[in-house]
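These notes are about the structure you will find just below.
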Amino acid sequence: MSNNFRQPEIIEILRREGKATVEMLANHFGVTVQTIRRDLTDLAQSGKVDRVHGGAIIPSGVANINYYERQDLNAHSKAAIAAACAAQIPSGASVFLNIGTSTEAVAHALAEHEDLMVFTNNLNIAKILAGNPQFEVVVTGGTLRKSDGGLVGAMSMAAIEQFRFDIAVVGCSAIDADGDLLDYDIQEVGVSKAVLKRARRSFLVADSSKFQRTAPVRIASLFDLDMFFTDAPLSGSPLAQAAAQSGTDIVCAG
């Protein structure tokens, strides 16, 4: 198989899985690891992938991956993370779920709960939860981001200031080695910051692909969170030291 056929498929695998190792790609295509390394070098030189230890990822830069592609990324891991997070949310609580495919997975995982008051700036989450008669769903309002159904801006932030939540469940696009939670849209980050200030407890849901990405805008730090739900142990990752120092409860749902 020529690299003209392999390389577009490698990019599709990376978009779907978040990361791929050299060995996995070599087995998938039935070629040597040296051949895959050459493919990844070519793709990296053209700016289509970023090389990381043992494999490659889609470059993050200053623009997020398309929403519909993000829905498919690490879907199994997101479901496991969401189930672990939902298990820590008692029936009868007030909960904020922000924009993101990981928080949407949490919304699905809350289906068996009772008497929740759920606040959100995510129209997809509102739609997921709307059919449950046990839930009261409050949508913040704001400027609609058509790409992913998010509501952002001053109106969202002003609405959030009127409430106090038992639990805030937030996602992010990247986590830096020092424990900073990062995202791309400064308006979305403003809403997330406002939510964390109004929450009695704060949960982060993020799969391990976020450890290898970057984004330009800071939301908060692991030190500001009560629990962090992810899909892989942090030992051995660049994030391990910050996580150990943060005092945040880490739940690995792999």
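Position in the sequence shown counted from 1, then plus 7, gives you the working numbering.
Note that CB positions come from ideal geometry on N, CA and C, so glycine has one too.
Predicted model only: the values in this text are computed from it and were never measured.
Hey, could you find the ends of the alpha helix (DSSP H) residue 208 is sitting in? Run containing residue 208: none in the alpha helix (DSSP H); it sits in the beta strand (DSSP E), 206-212.
With a threshold of 6 Å on Cβ separation, who are the neighbours of residue 112 within its own chain once the five nearest residues in sequence on each side are excluded? 85, 86 and 89
Strictly by DSSP, which residues pair up with residue 101? 124
Straight-line CA distance for residue 146 to residue 83? Answer to the nearest angstrom: the Cα atoms are 27 Å apart.
Where residue 53 falls: helix, strand or coil (DSSP): Three-state DSSP puts residue 53 in coil, outside helix and strand.
Can you grab the Cα-Cα spacing for the pair residue 41 / residue 34, in whole Å? In a straight line, the C-alpha of residue 41 is about 12 Å away from that of residue 34.
Let me make sure I understand the geometry here. Which of 249, 228 and 135 has the alpha-carbon closest to that of residue 108? Here the closest residue by C-alpha is 135.
Strand pairing of residue 176, partner residues [DSSP]: 104 and 210
Taking the alpha-carbon of residue 99 as reference, which of 117, 49, 106 and 105 has the nearest alpha-carbon? 117
Could you tell me the boundaries of the alpha helix (DSSP H) in which residue 253 lies? 247-253
Run of the beta strand (DSSP E) containing residue 227, from where it starts to where it stops: 224-228
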